[in-house]
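What follows is a set of notes on a single structure, which appears directly below.
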Amino acid sequence: MKLQSVSLLGAFTLSIALLSACGSKEEQPAPQVEVKSVVEEPAPVQEAVPEPVQEEPALVPIQSLSEEKPAPVETPAPASSVEQEASGPFVIQVSIQPSRKAANNVVSKLSDQGIKAYVAEVENPGELEGTFYRVRVGYFSTIANAQQFGKEVLAPQGYAGWVDNRKNDRIGQPGASEDM
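Under the numbering used here, the first residue of the sequence shown carries the number 190, and numbering increases by one thereafter.
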């Protein structure tokens, strides 16, 4: 910084001398400018502290889209005194979604926990307008069994729901009769 200031001062002085020399008809000797050399002191040397060596994360290859995905690991559902049955008139509705993809995601999460669920498509269910997708867990032979399964298995997993008649899967679908 000091060296720049001295250089700038010297250039300024030389410029003034040249301008004043050009302006007068008599030649006058140029004024002598004393230039002092400025020596900068080197900055104190600091000991180099080695930076901690960070290990590179392990690279994991991206699977090709043509490769098969590994089967999801099935987490068993919490123990219950009631088991889901192969068929029965009662189900538990745990969700209703505006898109099939969202409903399938819920079914997939339930399936990963060992809970059998399915999607029922309906039109204008209740006060909702449009196509919706009910996520239902089933099947149960009695309302009491369905309620108990909901309390012992679904509630601890964070799912709330209600018991419904399996026949209501079709209510709200175009062309379906509500008298079933």
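For every residue, glycine included, the Cβ atom is placed at its ideal position computed from N, Cα and C.
Would you please state the rounded distance, in angstroms, between the beta carbons of ILE281 and GLY339? I believe it to be under 8 angstroms. The pair is a contact, with the Cβ atoms about 5 angstroms apart (cut-off 8 angstroms).
Exposed or buried, what is SER284 when buried is set at 16 or more other beta-carbons lying within 10 Å of its beta-carbon? That one is buried.
If you reduce the DSSP assignment to three classes, tell me which class TRP351 lands in. Correct three-state label for TRP351: strand.
Going by DSSP, which residues form a beta bridge with GLU312? Under DSSP, GLU312 forms a beta bridge with THR320.
contact_flag[the region 290-299, the region 267-279] where n(CB pairs < 8 angstroms) is 3 or more: Taking 8 angstroms as the limit for Cβ pairs, the verdict is that the region 267-279 does not touch the region 290-299.
On the DSSP bridge list, what partners appear for GLN286? Paired residues: TYR322.
If we ignore side chains and look at the alpha-carbon of each, how far apart do ALA349 and ILE360 end up? C-alpha separation (whole angstroms): 21 angstroms.
What residue range does the alpha helix (DSSP H) around ASN334 cover? Unbroken alpha helix (DSSP H) run through ASN334: 332-338.
GLY327 burial status per 10 Å Cβ neighbour count (16 or more: buried): GLY327 comes out buried.
So, at 6 angstroms on beta carbons, what are the nonlocal neighbours of TYR322 in its own chain, with the 5 sequence-adjacent residues on each side left out? For TYR322, the CB contacts under 6 angstroms within the same chain, skipping 5 residues up- and downstream, are GLN286, ARG289, ALA292, VAL308 and GLU310 in chain order.
Residues in its own chain within less than 7 angstroms of GLN336 by CB, not counting five upstream and five downstream? Around GLN336: VAL352.
Are PHE279 and ASN357 closer than 8 angstroms when you measure CB to CB? For PHE279 and ASN357, no; Cβs fall outside 8 angstroms.
When the distance is taken between beta carbons, is VAL296 closer than 8 angstroms to VAL324? Yes, the Cβ-Cβ distance between VAL324 and VAL296 is below 8 angstroms.
Classify ALA306 as helix, strand or coil using the three-state DSSP reduction. ALA306: strand per DSSP, three-state reduction.
Near SER300, what residues of its chain come up, given a Cβ to Cβ distance below 7 angstroms and the 5 sequence neighbours on each side ignored? The residues ALA306, in chain order, have a CB closer than 7 angstroms to that of SER300 in the same chain once the five nearest residues on each side in sequence are set aside.
Length of the line joining the Cα atoms of THR331 and GLU318: Inter-residue distance for THR331 and GLU318 is about 31 angstroms (C-alpha atoms, whole angstroms).
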